[in-house]
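Some notes on the structure that comes next.
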Amino acid sequence: ERGADDIVPAGSWEAVREAARACTRCPLHCHATQTVFGEGPKDARVMVVGEQPGDQEDLSGHPFVGPAGRLFDAVLSEIGVKRAALYVTNAVKHFKYEPRGKRRIHQKPNEAEIAQCRWWLKQEVDLIRPRLIVALGATAYFSLTGERRRLSDVRGQMLGMTEGRRLLVTVHPSYLLRLPDPQARQAEDARFREDLLHVLGAAS
Ligand code: URA
280 ERGADDIVPA
290 GSWEAVREAA
300 RACTRCPLHC
310 HATQTVFGEG
320 PKDARVMVVG
330 EQPGDQEDLS
340 GHPFVGPAGR
350 LFDAVLSEIG
360 VKRAALYVTN
370 AVKHFKYEPR
380 GKRRIHQKPN
390 EAEIAQCRWW
400 LKQEVDLIRP
410 RLIVALGATA
420 YFSLTGERRR
430 LSDVRGQMLG
440 MTEGRRLLVT
450 VHPSYLLRLP
460 DPQARQAEDA
470 RFREDLLHVL
480 GAAS
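Numbering (the UniProt record's numbering), first residue to last: 280 to 483.
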């Protein structure tokens, strides 16, 4: 297997994104439509990290444009944060799924896939140099820290990272979409909104 260090000319975000298009570090590229790289201002103060592209992201090539992305956008607009000010990316850049009839059912990335893709995420962090990173869910948290903690132990706190960067961990919007009980959903939506309020201060 080719190491990504061999295929990436050091340098600009554009060069790294271009190199990521041809990534074969893990087998996920075999079945996905395309690499879904991060997007947003190169001087964004806040970087948001999700898990991996879903069906719609895989087809469109853009992160967080499907149901989870729409929920995320709605919460951002409720709290007055412009998505356009944020750099939005994923821990894993290819869609992983299982075909079921005509549908493609999302599968969680495994540790090896997350580990292979972490290299790209690190390039993004080093190039964007955000002040705050928001990890949406356990996969993003694991990719960024190498730690497998219970989300409830770290959620909603401002954690320290290197270079004075801070890390905010919250749930993934897909988790909210899967809650069957409307009351629980309402309560969890409110907590998610509260967690994301931390972004307000850091984004401006
Ligand atoms: N879920 C994610 O984690 N990322 C996306 O881009 C879409 C859905």
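Note that CB positions come from ideal geometry on N, CA and C, so glycine has one too.
query, result
"Cutoff 8 Å; reference Val325; Cβ partners in own chain excluding five residues on either side", "Ala364, Leu365, Tyr366, Pro409, Arg410, Leu411, Ile412, Val413, Val478, Ala481 and Ala482"
"At least 3 beta-carbon pairs within less than 8 Å: the segment 341-357 vs the segment 426-439", "no"
"Nearest neighbour of Gly331, chosen from Gln465, Ala370, Glu473 and His308 [CA to CA]", "One point to set straight first is that residue 331 is Gln, not Gly, in the sequence displayed. Of Gln465, Ala370, Glu473 and His308, the residue nearest in Cα terms is Ala370."
"Residue interval of the alpha helix (DSSP H) (run including Pro452)", "Pro452 to Arg457"
"Contact check, Asp315 vs Glu293, beta carbons under 8 Å", "For the sequence presented, residue 315 should be read as Val rather than Asp. Not closer than 8 Å, so no."
"Unbroken beta strand (DSSP E) run spanning Arg383, endpoints", "Arg382 to His385"
"Length-filtered (3 minimum) beta strand (DSSP E) runs lying within the segment 402-472", "411-415, 437-439 and 445-449"
"Contact set for Arg445: own chain, Cβ-Cβ below 6 Å, skip 5 residues either direction", "Leu411 and Met437"
"Option nearest Arg300 by Cα separation, candidates Gly329, Val328 and Gly340", "Gly340"
"Per-residue burial, Phe471 [other beta carbons within 10 Å of its own, 16 or more giving buried]", "buried"
"Proximity below 8 Å, CB of Leu447 to CB of Gly329", "no"
"Completely contained beta strand (DSSP E) runs for the segment 283-332, where each covers 3 or more residues", "325-329"
"Whole-number beta carbon distance between Glu467 and Leu476, since they are thought to touch under 8 Å", "The pair is not a contact, with the Cβ atoms about 15 Å apart (cut-off 8 Å)."
"Simplified DSSP assignment, three categories, for Pro388", "coil"
"Three-state class that DSSP yields for Arg281 in the structure shown", "Low local confidence applies: a pLDDT of 49 at Arg281 is under 50, so the model's placement there is unreliable, with the coordinate-based value given in what follows. Correct three-state label for Arg281: coil."
"Simplified DSSP state of Pro342, which is helix, strand or coil", "coil"
"Val360 - DSSP class collapsed to helix/strand/coil", "coil"
"Selection from Asp405, Glu318, Cys305 and Leu307 that minimises the alpha carbon distance to Glu442", "Asp405"
"Simplified DSSP assignment, three categories, for Val371", "coil"
"Candidates Leu307, Leu338 and Val344: closest to Glu318 by CA position", "Val344"
"CB of Ser422 within 8 Å of CB of Arg457, strictly", "no"
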